[in-house]
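Chemist:
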């Protein structure tokens with residue numbers, strides 16, 4: 083049974099652990115939405131299945147599926163992947179799933195954020211999102227973990243933490259008027275502190291160019307260990323991403339973390355700019371209530387959007403000239419983890435990548 087706790091994680095001694103801390107498992111959701119995933123989601127399903135297969139070599143994976151897709155997902159996934167009926171409007175478990183928190187005794191609970199499909203009726207990616215809003219509570223019910231209900235519209239991809247009190251986010255996303263227009267920066271910071279147990283927030287100005295999530299930080303920058311971050315970069319001064327990465331670099335170099343440390347910043351060159359092809363766009367259903375993805379639209383490709391599993395890094399690859407350099411850099415930053423490369427363009431076509439479709443559940447004691 084999952085109980086709704088009428089308190090906050092911080093008040094109860096809980097914090098959000100870093101992604102590199104030990105996991106009990108990983109949560110994913112099965113893609114089938116025809117206006118997000120081309121050709122009824124079949125190419126995306128193969129990509130999601132490969133991500134799940136690789137992560138399941140290192141930790142338990144649970145795949146939530148809508149009822150009509152149970153048999154299809156079960157057939158495509160290896161037996162070691164747990165498949166459960168868990169209805170959702172789309173497949174972004176990072177953004178709609180529970181954020182897990184732990185205390186010093188190893189107890190695990192979950193935070194249930196409010197969700198408005200990345201912008202609500204003003205700009206949201208689709209409507210309705212009623213099933214998505216229930217995913218976090220259902221995850222915690224399945225695991226019999228107690229739940230906090232946070233009074234903040236927020237997606238999991240908009241934050242990264244070092245597990246020692248520091249949080250990374252972007253002003254573009256968390257201060258966007260389509261999320262929490264009635265909250266000040268100070269009030270948002272207080273909610274983050276209350277529900278994630280963080281002490282210090284580093285605000286980066288903007289996310290990746292043409293990132294339809296309004297600049298999620300998990301596509302731009304992440305912690306790789308306390309005091310160390312990886313940042314997406316480009317040497318092309320004519321690319322609009324250069325200005326965004328440069329301003330983030332300046333903000334990081336002038337920042338301190340919760341322990342007072344200056345940050346060590348590692349640049350990872352982005353893949354060459356990619357756009358959606360006509361063939362890819364023609365495979366999407368056109369729905370009035372959904373965000374349109376036309377041919378020629380730039381894709382927000384980034385190697386930063388990787389998942390840290392127990393013993394591995396699950397890294398997106400794009401058949402690009404910078405793929406190998408990204409693998410080498412991640413191997414340097416995570417010397418004790420296997421670097422697992424996955425062709426991820428099909429996931430990128432839906433608007434995100436490997437980190438966006440995964441959500442880690444920390445190990446308890």
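Residue numbers (this note's numbering): 83 to 447.
Glycine residues also receive a C-beta, built at the ideal position from the N, C-alpha and C atoms.
(1) CA-CA distance, residue 424 and residue 148?
(2) CA-CA distance, residue 335 and residue 405?
(3) Runs of 3 residues minimum, wholly inside the stretch 132-179: which ones carry the beta strand (DSSP E) assignment?
(4) Comparing C-alpha positions only, which one of 175, 253, 362, 366 sits nearest to residue 333?
(5) Whose C-alpha, out of 313, 94, 116, 106, is nearest the C-alpha of residue 371?
(6) Hey, how far is the Cα of residue 81 from the Cα of residue 110?
(7) Along the alpha helix (DSSP H) that carries residue 217, what are the first and last residues, could you check?
(8) Are at least three pairs of beta-carbons, each pair with one atom in the stretch 294-308 and one in the stretch 85-94, less than 8 Å apart?
(9) Indicate whether residue 138 and residue 225 have their beta-carbon atoms separated by less than 9 Å.
(10) Beta-carbon separation of residue 101 and residue 331 under 9 Å?
(11) Should residue 360 go down as buried or exposed, given a rule of 16 or more other Cβ atoms within 10 Å for buried?
(12) Three-state secondary structure (DSSP) at residue 255?
(13) Would the beta-carbon of residue 243 fall within 9 Å of that of residue 265?
(14) Pick out the complete beta strand (DSSP E) segments inside the stretch 413-441, 3 residues or longer, and give them in chain order.
(15) Cα-Cα, which of 323, 340, 213 is closest to residue 250?
(16) Taking only the alpha-carbon atoms, compute the straight-line gap between residue 227 and residue 446 and give it to the nearest angstrom.
(17) Counting only runs that start and end within the stretch 340-391, where is the beta strand (DSSP E) found for 3 or more residues in a row?
(18) Can you check DSSP and say which residues form a bridge with residue 394?
Modeler: Let me spell this out:
(1) 25 Å
(2) 26 Å
(3) 142-147, 164-167
(4) 253
(5) 116
(6) Lying outside 83 to 447, the shown extent of the chain, residue 81 is not represented and no answer is given.
(7) 214-225
(8) no
(9) no
(10) no
(11) exposed
(12) helix
(13) no
(14) 420-425
(15) 340
(16) 11 Å
(17) 346-351, 389-391
(18) 391, 420
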